[in-house]
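Notes follow the structure.
Numbering (my numbering), first residue to last: 350 to 432.
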């Protein structure tokens, strides 16, 4: 089976292939041991590693948006129960 790098080299020689910025992003994410798919507070997937994971540290600020979102949903549910 052909690797993505070999496939891209063949395609680039024909004037096709990945955009250079996309190829660079894929190369960086493959090289980073901290890159992973992250689910954001709104349910969307984050494309690429977070800046904190690139530095090798994970802070609580990555979980804070999720907690804020859950608190707001909880408050909205309580308000609708009272009405």
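Even glycine gets a Cβ: it sits at the ideal position worked out from N, Cα and C.
Contact check, residue i vs residue j, beta carbons under 8 Å
i           : j           : result
residue 366 : residue 357 : yes
Nearest candidate by alpha-carbon position, reference residue i, set the options
i           : options            : result
residue 392 : 354, 424, 423, 418 : 418
Sequence-distant residues of the same chain with beta carbon closer than 6 Å to residue i, five excluded per side
i           : result
residue 376 : none
residue 403 : Low local confidence applies: a pLDDT of 48 at residue 403 is under 50, so the model's placement there is unreliable, and no value is given.
residue 360 : 366
Same chain, Cβ closer than 8 Å to residue i, five either side skipped, listed in chain order
i           : result
residue 372 : 357, 366
residue 352 : none
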